[in-house]
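In my numbering, the protein residues as written are 2 to 296.
The beta carbon of each residue, even a glycine, is placed where N, CA and C say it ideally should be.
Bear in mind that the values here come from a model prediction, so they are computed numbers and not experimental data.
Structure first, commentary second.
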Amino acid sequence: MRGFRWPPPPDGGPRTWGPGPGAPRTGRPALPEPETELVATPHDVRLERLVTGAGDPVTVFAHGLGNGIATTRPFGSAVTGRRIFFQFRGHGRSDAPPGLWTYLDLARDLRAVADLGGATRAFGASLGAGALCRLLADSPDRFEKLVFFLPAALDTPRGPEARQRLTDLLDAVSAQDASAVAEVVSLELPQAVRNTPAGWAYLRQRLDQLLRDGLAPGLADLPEQVPLRDVSALAAVTAPALVIGCVGDDLHPAHVAEELATALPHATLHVYDRPGFAWTERADLRERISTFLNG
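Structural data, given as structure tokens:
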């Protein structure tokens with residue numbers, strides 16, 4: 002596998018070196034981002050929101066740290082009913098209030114969006130899974146169904162690799178250094194995808210959003226914090242839950258998913274056997290999430 006290169010080939014690449022075909026290789030460009038709206042919340046933080054689909058039930062989707070609506074939408078592609086995607090504070094066009102942010106603040110963001118949209122089901126990815134845990138600790142009966150995708154932390158802070166990854170991303174975005182941002186974002190992709198048209202399309206989409214909207218410095222302290230003081234706080238949650246983990250993912254250790262599934266009284270755990278499964282096992286993941294939520 003040849004290494005990652007930035008900027009990308011002008012025709013969508015990838016290019017190859019040495020003898021072999023040299024004709025342009027076109028890739029399908031990233032779809033334009035849909036129009037979103039800013040909504041006021043009871044805790045005076047405006048949040049960026051996108052609503053798709055129609056009817057009931059209503060599912061709210063909470064994204065991971067440094068990600069957003071665009072990276073979360075694929076998880077809801079086969080989910081029936083209305084789907085609500087949003088950006089946590091400090092992401093996208095959402096407000097970035099001053100002061101130290103905690104998982105309680107993120108839980109308030111999630112609760113506000115869910116309440117405003119009448120959501121009865123929730124999906125949380127990584128940071129979003131932590132915010133969902135924090136919300137459930139206070140309101141264990143808030144949702145009827147729950148999906149936790151790659152939970153990163155429960156009652157223990159995230160590891161040094163996660164903290165360094167976020168620091169590198171915040172520094173690159175602050176400096177408006179497209180190449181540095183691309184280098185960090187490319188780590189989200191499996192090696193086999195990084196230098197393909199699909200990989201370039203993903204990178205362009207992520208860079209367009211990050212360099213346009215930025216990331217708030219207030220996010221830097223979140224990897225040092227924990228969603229829960231004690232995971233036993235989730236024992237009162239009665240809703241069925243699907244917990245998805247992965248072996249070999251340093252940012253989202255499999256043992257965190259296992260501990261969460263054990264703490265939730267009615268949880269089903271599925272652990273993929275290698276990182277990058279959101280790309281390599283996309284059809285299986287899509288069916289697994291939609292079958293659980295639509296059932």
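Report the rounded CA-to-CA distance for residue i versus residue j, giving the unit in angstroms.
{"i": "Ala176", "j": "His267", "result": "45 Å"}
{"i": "Glu36", "j": "Gly200", "result": "23 Å"}
{"i": "Leu190", "j": "Ala120", "result": "31 Å"}
{"i": "Glu288", "j": "Arg122", "result": "17 Å"}
{"i": "Glu225", "j": "Pro158", "result": "5 Å"}
{"i": "Leu188", "j": "Leu252", "result": "11 Å"}
{"i": "Cys247", "j": "Pro254", "result": "7 Å"}
{"i": "Gly131", "j": "Phe76", "result": "17 Å"}
{"i": "Ala133", "j": "Val257", "result": "The question names Ala, but residue 133 in the sequence shown is Leu. Whole-angstrom Cα-Cα distance: 14 Å."}
{"i": "Ile245", "j": "Phe87", "result": "21 Å"}
{"i": "Asp250", "j": "Gly93", "result": "26 Å"}
{"i": "Thr292", "j": "Asp45", "result": "36 Å"}
{"i": "Pro228", "j": "Gln192", "result": "31 Å"}
{"i": "Ala163", "j": "Ala181", "result": "17 Å"}
{"i": "Ser140", "j": "Leu212", "result": "36 Å"}
{"i": "Gly129", "j": "Ala63", "result": "5 Å"}
{"i": "Leu294", "j": "His271", "result": "15 Å"}
{"i": "Pro161", "j": "Asp222", "result": "12 Å"}
{"i": "Arg26", "j": "Ala179", "result": "With a pLDDT of only 40 at Arg26, under 50, the local geometry of the prediction cannot be trusted, and the value read off the model is given with reservation. Cα to Cα, the separation comes out at about 23 Å."}
{"i": "Gln210", "j": "Gly118", "result": "25 Å"}
{"i": "Ala234", "j": "Ala264", "result": "8 Å"}
{"i": "Arg269", "j": "Asp142", "result": "Checking the displayed sequence, the identity of residue 269 turns out to be Thr instead of Arg. Each residue's Cα considered, the two are about 18 Å apart."}
{"i": "Pro152", "j": "Leu243", "result": "11 Å"}
{"i": "Arg297", "j": "Thr239", "result": "Because the chain spans 2 through 296 in this model, residue 297 falls outside it and cannot be assessed."}
{"i": "Phe124", "j": "Lys146", "result": "9 Å"}
{"i": "Thr281", "j": "Gln206", "result": "19 Å"}
{"i": "Ala115", "j": "Ile85", "result": "8 Å"}
{"i": "Val194", "j": "Tyr273", "result": "18 Å"}
{"i": "Pro174", "j": "Ala97", "result": "Reading the sequence as shown, one finds Val at residue 174 and not Pro. Taking the straight line from one Cα to the other gives about 15 Å."}
Would residue i be called buried (16 or more neighbouring beta carbons within 10 Å of its own) or exposed?
{"i": "Trp18", "result": "With a pLDDT of 36 at Trp18, under the threshold of 50, the modelled position of that residue is not reliable, and no figure is offered here."}
{"i": "Gln165", "result": "exposed"}
{"i": "Thr72", "result": "buried"}
{"i": "Ser78", "result": "exposed"}
{"i": "Val185", "result": "buried"}
{"i": "Glu49", "result": "buried"}
{"i": "Pro43", "result": "exposed"}
{"i": "Gly196", "result": "Gly is not the amino acid found at residue 196; the sequence shown has Asn there. Asn196 should be labelled buried."}
{"i": "Gly69", "result": "buried"}
{"i": "Gly91", "result": "buried"}
{"i": "Arg283", "result": "exposed"}
{"i": "Met2", "result": "Reliability fails at Met2, whose pLDDT of 31 lies under 50, so the model's placement of it is uncertain and no value is given."}
{"i": "Ala297", "result": "Past the boundaries of the shown model lies residue 297; the chain is included only from 2 to 296, so the question cannot be answered."}
{"i": "Leu286", "result": "buried"}
{"i": "Ala154", "result": "buried"}
{"i": "Arg109", "result": "buried"}
What are the start and end residues of the alpha helix (DSSP H) that includes residue i?
{"i": "Val272", "result": "Per DSSP, Val272 belongs to no alpha helix (DSSP H); it is in the beta strand (DSSP E), Ala268 to Tyr273."}
{"i": "Glu162", "result": "Pro161 to Ser175"}
{"i": "Leu286", "result": "Arg283 to Asn295"}
{"i": "Leu212", "result": "Pro198 to Asp214"}
{"i": "Val257", "result": "Ala255 to Ala264"}
{"i": "Val182", "result": "Ala179 to Val186"}
{"i": "Arg195", "result": "Gln192 to Arg195"}
My understanding is that residue i touches residue j, with C-beta atoms under 8 Å, so please give their C-beta distance in whole angstroms.
{"i": "Phe144", "j": "Leu261", "result": "Their Cβ separation, rounded to whole angstroms, is 15 Å, which puts Phe144 and Leu261 out of contact at 8 Å."}
{"i": "Val80", "j": "Thr60", "result": "6 Å"}
{"i": "Ala126", "j": "Gly219", "result": "That belief does not hold up - the Cβ atoms of Ala126 and Gly219 are roughly 20 Å apart, past 8 Å."}
{"i": "Leu204", "j": "Ala236", "result": "That pair is no contact at about 42 Å."}
{"i": "Val52", "j": "Arg83", "result": "6 Å"}
{"i": "Leu208", "j": "Leu170", "result": "Incorrect: roughly 11 Å between the Cβ atoms, too far for contact."}
{"i": "Leu136", "j": "Leu111", "result": "6 Å"}
{"i": "Leu167", "j": "Gly67", "result": "6 Å"}
{"i": "Asp172", "j": "Val232", "result": "About 32 Å; that fails the 8 Å criterion."}
{"i": "Leu105", "j": "Phe89", "result": "Not really, about 13 Å apart at Cβ, beyond 8 Å."}
What are the start and end residues of the beta strand (DSSP E) that includes residue i?
{"i": "Ala242", "result": "Ala242 to Cys247"}
Quick check for students: name the residue ranges of the beta strand (DSSP E) that lie wholly in the stretch 38-82, counting only runs of 3 or more. 38-40, 48-53 and 59-63
Please list the segments of the alpha helix (DSSP H) lying wholly inside the stretch 72-155, counting only runs of 4 or more residues, in order along the chain. 104-118 and 128-139
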